[in-house]
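Below you'll find the structure, written out as structure tokens, and then a few comments.
Numbering (our numbering), first residue to last: 1 to 286.
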């Protein structure tokens with residue numbers, strides 16, 4: 001790994017972990033479609049837990065822990081990220097993300113979304129509460145990181161889901177497109193509101209590629225995505241977004257579960273690997 005004197009490693013690590021959080025969004029919810037809630041179930045009887053290891057080059061720099069719960073009353077998903085080793089030393093970064101919502105007529109509707117992260121002297125806590133129809137009712141933001149971001153008009157964020165719910169629906173759409181034998185490559189956009197910024201996730205379904213997973217060559221579905229800023233972004237954020245033009249590449253298995261993820265930064269290649277999967281939340285230690 002080569003470091004340039006012109007690179008601000010702290011800022012670049014911050015960008016790196018923003019990449020990880022994007023991947024985390026998709027990983028954390030992709031199994032929701034594999035575990036649909038059914039009318040005969042009692043609340044929170046289905047669940048799954050996963051752990052993904054994050055590498056920068058050959059160095060393990062983070063871990064993503066995910067829990068997924070579905071019930072007759074709705075869904076409850078968490079996705080937590082902790083930095084390790086060099087990233088821990090530089091950033092002291094950790095993040096907790098959770099969405100609770102309901103499923104009505106096969107539609108995911110968020111009721112509350114919270115994203116809390118800490119990075120050395122900075123911390124941020126975002127909480128959004130929604131109406132039963134999924135419209136934003138209340139936003140609570142503590143911390144100074146986004147205090148200078150411009151406001152997003154109410155009309156712009158109407159019926160726009162949180163990042164995790166948006167990823168649920170996006171992944172369901174990918175599965176449906178594949179089942180419908182849609183010609184590939186295929187592009188589509190999905191809007192997201194994260195309590196401060198409005199953005200599009202711009203997806204491309206590329207098709208199947210052979211990748212090596214746990215020592216075996218497998219045919220995996222290649223899906224990529226990137227961010228497009230729409231509203232609520234500072235000029236400095238827009239500049240960084242355009243400079244890096246970051247694309248995340250995911251590889252999904254036959255159950256549409258991401259087993260590999262790749263991204264790039266100035267200080268190395270980012271790789272995310274599925275390390276552990278459990279179907280019993282009470283006995284699983286991820």
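For each residue, glycine too, the CB sits at the ideal point set by N, CA and C.
- Message: Once DSSP output is grouped into helix, strand and coil, what is the label at residue 247?
- Response: Coil, per DSSP.
Inset, instruction - Give the straight-line distance between the Cα atoms of residue 238 and residue 229, rounded to the nearest whole angstrom. - result: When rounded, the distance between both Cα atoms is 7 angstroms.
Tell me whether the beta-carbon of residue 227 lies closer than 7 angstroms to the beta-carbon of residue 199. The criterion of a C-beta distance shorter than 7 angstroms is satisfied by residue 227 and residue 199.
**Report entry** Same chain, Cβ closer than 7 angstroms to residue 275, neighbours up to 5 away in sequence not counted
**Finding:** Cβ within range, chain order: 51, 52, 53.
* Asked: What distance in whole Å lies between the Cβ atoms of residue 207 and residue 177, which are believed to be in contact at a cut-off of 8 angstroms?
  -> Between residue 177 and residue 207 the beta-carbon gap is near 12 angstroms, outside 8 angstroms, which marks them as no contact.
**Report entry** Cut-off 6 angstroms between Cβ atoms - residues of its own chain near residue 112, not counting five sequence neighbours on either side
**Finding:** For residue 112, where only same-chain residues beyond five positions count, the Cβ hits under 6 angstroms are 100, 129.
Check your understanding: Which value, in whole angstroms, describes the spacing of the CA atoms of residue 114 and residue 138?
Key -> If I take the Cα positions, the gap works out to 12 angstroms.
Alpha-carbon to alpha-carbon, residue 83 and residue 75: As the crow flies, the alpha-carbon of residue 75 is around 27 angstroms from that of residue 83.
Check: What residue does the beta strand (DSSP E) around residue 109 start on, and which one ends it?
Finding: If you look at residue 109, you'll find it in the beta strand (DSSP E) that goes 107 to 119.
Check your understanding: The beta strand (DSSP E) with residue 191 in it runs from where to where?
Key -> Secondary structure note for residue 191: its beta strand (DSSP E) is the uninterrupted segment 186 to 193.
* **Helix, strand or coil at residue 71 [DSSP, three-state]** => Correct three-state label for residue 71: strand.
Exposed or buried, which one is residue 108 when buried takes at least 16 other CB atoms within 10 Å? It counts as buried.
Distance, Cα to Cα, residue 31 vs residue 126?
With a pLDDT of 39 at residue 31, under the threshold of 50, the modelled position of this residue cannot be trusted, and the question is left open.
Self-check item: Length of the line joining the Cα atoms of residue 167 and residue 73
Solution: For residue 167 and residue 73, the gap between their C-alpha atoms comes out near 20 angstroms.
**Message:** According to DSSP, is residue 277 part of a helix, a strand, or is it coil?
**Reply:** Here residue 277 sits in strand by DSSP.
Exercise. Evaluate residue 165 with the Cβ neighbour count: other Cβ atoms within 10 Å of its Cβ, from every protein chain shown; 16 or more gives buried, anything less gives exposed.
Key: Around the C-beta of residue 165, 16 or more other C-beta atoms lie within 10 Å, and the residue is accordingly described as buried.
Among 141, 216, 202, the one whose alpha carbon lies nearest that of residue 117: The residue with the shortest Cα to Cα distance from residue 117 is 141.
- Message: From the DSSP secondary-structure annotation, give me the bridge partner or partners of residue 138.
- Response: Per DSSP, 129.
inquiry  = Using only CA atoms, which one of 213, 180, 163, 182 lies nearest to residue 190?
reply    = For the residues 213, 180, 163, 182, the minimum Cα distance to residue 190 belongs to 163.
- Item | Check whether residue 81 and residue 268 have beta carbons under 7 angstroms apart | No, the Cβ-Cβ distance between residue 81 and residue 268 is not below 7 angstroms.
* To do: Grab me the residues of residue 242's own chain with a C-beta within less than 6 angstroms of its C-beta, minus the 5 sequence neighbours each way, in chain order.
  => Within the same chain, no Cβ atom closer than 6 angstroms to the Cβ of residue 242 is found once the five residues on either side in sequence are excluded.
**Message:** Less than 7 angstroms between the C-beta atoms of residue 102 and residue 135, yes or no?
**Reply:** Judged by beta-carbon spacing, residue 135 lies beyond the 7 angstroms limit of residue 102, meaning their Cβ atoms are not closer than that value.
Does any heavy atom of the ligand GTP sit closer than 6 angstroms to the C-beta of residue 128? By its list of ligands, the structure shown contains no ligand whatsoever, and the ligand GTP lies outside what it can speak to.
query = Three-state secondary structure (DSSP) at residue 66?
reply = Looking at residue 66 - three-state DSSP - the assignment turns out to be strand.
As a quick exercise: from 223, 170, 149, 85, pick the residue whose alpha carbon is nearest that of residue 197.
Residue 149 is the option with its Cα nearest to residue 197.
Span of the beta strand (DSSP E) around residue 199: Where residue 199 is concerned, the enclosing beta strand (DSSP E) stretches over 198 to 213.
* To do: Following the continuous alpha helix (DSSP H) through residue 175, name the residue where it begins and the one where it ends.
  => First-last of the alpha helix (DSSP H) with residue 175: 163 to 179.
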